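A short write-up of the structure that comes next.
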Amino acid sequence: MRQKAFYILALFLIIILQTTFFHRLPAASYGPDLILVVVFTAGFLSGSQTGIAIGFLAGFLQGILLGSGFGLYTISRMLIGAAAGLLKGNVYKESLALLCLILFFVTFFHEILIFLLSEQVILRVGFQTVLVNRLLPASFYNMLVGMLLYILMIYLIPVGGFQDEQKN
Amino acid sequence: MDFFNDFRIKIIIIFLLVLISILAVNIFELDFYIFTWLENGIYNIMSPFFNLLDSTGNYLSGIYQSFFQSRELLEENQRLRQELSEQVIINISLNEVARENQRMREMYNLDSAHIDDLDLLGSRVTGQAPSSWEQRIMINKGSNQGVEERFPVISFNGHLVGKIINTGVNSSQIMMVNDPDFSVGARVSRETSRATGVVRGQPGETGQLIMERIDWDADIEEGDLIITSGISDQYPRGLPIGKVVEVFSDNFGLSKSAYIDYNLGNQDLEELLIILEY
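First to last, the protein sequences are chains A and B.
Just so you know, our numbering puts 50 at position 50 of the first sequence, and the rest follows in order with no gaps.
So our numbering is basically just the index in the second sequence, starting at one, shifted up by 1000.
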């Protein structure tokens, strides 16, 4: 329960910062998408169930801020939360180099999902343009900044909090 | 088979049901009152935090400027005073032209929707929605101040910025002109051409909009100023949108399209004007 409260608090904080502050940072057009990092971290450390729940909340809140409510981001964040949960137990949480790589591909996959599901984008821009101008730089940038948040989160997470709370 | 135990099957079924529901709501554009109520409630709870953070940021920035940038501020103040006195002189002559124009319009019974007739409300930008695919920003004025959905929004120099898409009690969301979902009727503002088309946002950070559905033989060229046409009744006519940077043939030569430089980076937007009535 403490873990879930921690993730929800972290999510609210990141959404407020992402909305009011991060767009002033250099390379703001490429992100960083730290909401995605929180969802990934929740799924990776606490399992798919928590990942899906935090993903749903993150996507729903983001949808509200985009004026679209239950939308594309609710689906994409839930999928990322579920996928991150599958890594739990297979990758050490301290394997930072490997996690860097994973975070890069998670961001890449998420951006592709948004691209494929946005009719106004997919019908009007070529994939190659999006790949070079958007997907690769955004994934790289999110990997760099996202890892800092991940490290911060694993140090701040409540003591003994790496056990999955689900009783299966 | 252990993987598919009862607990996991339940989670997978719930997950799939939620996914299907969300897809159905979006594909069939279903509008449930409870969802709208929930969305508005959460938005109204969160927006004071954005306004508070923005006010704190501005306060700190003000302190920083007063301590470390006083010299620059004094110089800027002096420059602005000089510009103001020049503008006063220009304004006097423009007023003369406007009065003459008004007399002419009355003589010829012309309808006169003019930028001076707009009922405007000033607002501050408090945040940007957390997605770089969509271009949406938030402001600190909402339904309490009379803001409603679809109201057009302009910058302080009169350029079209976007339209209101959602309102909270004391804040609203704006879809900007460079959002891929945005579109507005537009025309060329040149004495010898009134070519019309539809201006839409472009995905990605191109810094350009696209004007489509221009007649194949329309007179449009690089450097032309593009303004709102006012055909749709959602925007007053004559609001500047941007300048043409490239014209090209489209639809196998059946029409033309043009790239428009709108020169409106999000970073520069701090204060905006909402058009309440026109």
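All C-beta atoms in this analysis are idealised placements derived from N, C-alpha and C, irrespective of residue type, glycine included.
These figures come from a predicted structure and were not determined experimentally.
message: With three or more C-beta pairs closer than 8 Å as the rule, is the stretch 81 to 91 of chain A touching the stretch 41 to 51 of chain A?
response: yes
message: Just checking: is the beta-carbon of Gly31(A) within a distance shorter than 8 Å of some beta-carbon in chain B?
response: yes
- request: Label Thr129(A) either buried or exposed according to how many other C-beta atoms from any shown protein chain fall within 10 Å of its C-beta, with 16 as the threshold for buried.
  value: exposed
- request: For chain B, find out if any of its Cβ atoms is closer than 8 Å to the Cβ of Val125(A); answer yes or no.
  value: So, interface residue.
- prompt: Do you know how far the Cα of Ile1013(B) is from the Cα of Asp1006(B)?
  reply: 11 Å
message: Quick check: what's the CA-CA separation for Phe1156(B) versus Gly55(A)?
response: 39 Å
- prompt: Quick one: Cα of Met143(A) to Cα of Val1188(B), how far?
  reply: 44 Å
field: Residue-level contact to chain B via CB, Met78(A), 8 Å cutoff
entry: yes
query: Looking at the structure shown, is Pro1240(B) part of a helix, part of a strand, or coil, going by DSSP?
result: strand
- prompt: Taking Cβ-Cβ distances shorter than 7 Å, what residues in chain A pair up with Gly1127(B)?
  reply: At a beta-carbon threshold of 7 Å, the residues of chain A lying near Gly1127(B) are Thr19 and Thr20, ordered along the chain.
message: Just to confirm before moving on: does the CB-CB distance between Ile1282(B) and Leu1239(B) stay below 8 Å?
response: This structure cannot speak to residue 1282(B), because chain B is shown only from 1001 to 1278.
message: For Leu1118(B), would you say it is in contact with chain A, using Cβ-to-Cβ distances shorter than 8 Å as the test?
response: For Leu1118(B), the answer is no, since every Cβ of chain A falls outside 8 Å of its Cβ.
- request: Using a Cβ cut-off of 8 Å (strictly closer), state whether Tyr1259(B) contacts chain A.
  value: no
query: Span of the beta strand (DSSP E) holding Leu170(A)?
result: Residue 170(A) cannot be examined here, being either before or after the span of chain A that is shown, 1 to 168.
- request: Apply the 10 Å Cβ neighbour rule to Trp1037(B) and answer buried if 16 or more other Cβ atoms are within range, or exposed otherwise.
  value: exposed
Between the CA atoms of Ser1229(B) and Glu1191(B) - distance to the nearest angstrom: 15 Å
field: In DSSP terms, what Asn1166(B) is bridged to
entry: Gln1173(B)
- prompt: Comparing alpha-carbon positions, which option in Tyr7(A), Ile75(A) and Leu101(A) lies nearest Phe1015(B)?
  reply: Ile75(A)
field: Whole-Å CB distance - Ile1227(B) paired with Ile1241(B), under 8 Å assumed
entry: 6 Å
- request: Along the alpha helix (DSSP H) that carries Met1211(B), what are the first and last residues, could you check?
  value: For Met1211(B), there is no enclosing alpha helix (DSSP H); the residue is found in the beta strand (DSSP E) stretching over Gln1208 to Asp1215.
field: Terminal residues of the alpha helix (DSSP H) in which Lys1141(B) lies
entry: From DSSP, Lys1141(B) is part of no alpha helix (DSSP H); its letter is neither H nor E.
task: Find the nearest neighbour of Ile1042(B) within the set Ala42(A), Leu65(A), Thr41(A) and Val37(A), judged by alpha-carbon distance.
output: Leu65(A)
message: Would you say Gln3(A) lies against chain B (beta-carbon separation less than 8 Å)?
response: no
- prompt: Starting from Lys4(A) and walking both ways along the beta strand (DSSP E), at which residues does that stretch end?
  reply: Note, Lys4(A): premise wrong, no beta strand (DSSP E); alpha helix (DSSP H) at Arg2 to Thr20.
Under 8 Å between C-beta atoms of Ile1210(B) and Arg1194(B): no
message: Contact between the stretch 33 to 43 of chain A and the stretch 9 to 19 of chain A is defined here as three or more beta-carbon pairs at a separation below 8 Å; is this criterion met?
response: yes
field: the stretch 1051 to 1066 of chain B touching the stretch 1178 to 1187 of chain B, judged by at least three CB pairs closer than 8 Å
entry: By the Cβ rule, the stretch 1051 to 1066 of chain B does not count as touching the stretch 1178 to 1187 of chain B, because fewer than three pairs are nearer than 8 Å.
message: Counting only beta-carbon separations shorter than 8 Å, does Pro1180(B) have a partner in chain A?
response: Yes, Pro1180(B) counts as interfacial toward chain A.
field: Short Cβ contact (8 Å threshold) for Gly1162(B) with Val1177(B)
entry: yes
message: Quick check: Ile1260(B) and Val1247(B), are their CB atoms within less than 8 Å of each other?
response: no
message: Taking the alpha-carbon of Leu1017(B) as reference, which of Ile16(A), Cys100(A), Ser95(A) and Met78(A) has the nearest alpha-carbon?
response: Met78(A)
- prompt: With 8 Å set as the bound, which would you pick, yes or no: does the beta-carbon of Ile191(A) sit closer than that to a beta-carbon of chain B?
  reply: With chain A running from 1 to 168 in the structure shown, residue 191(A) is simply not present.
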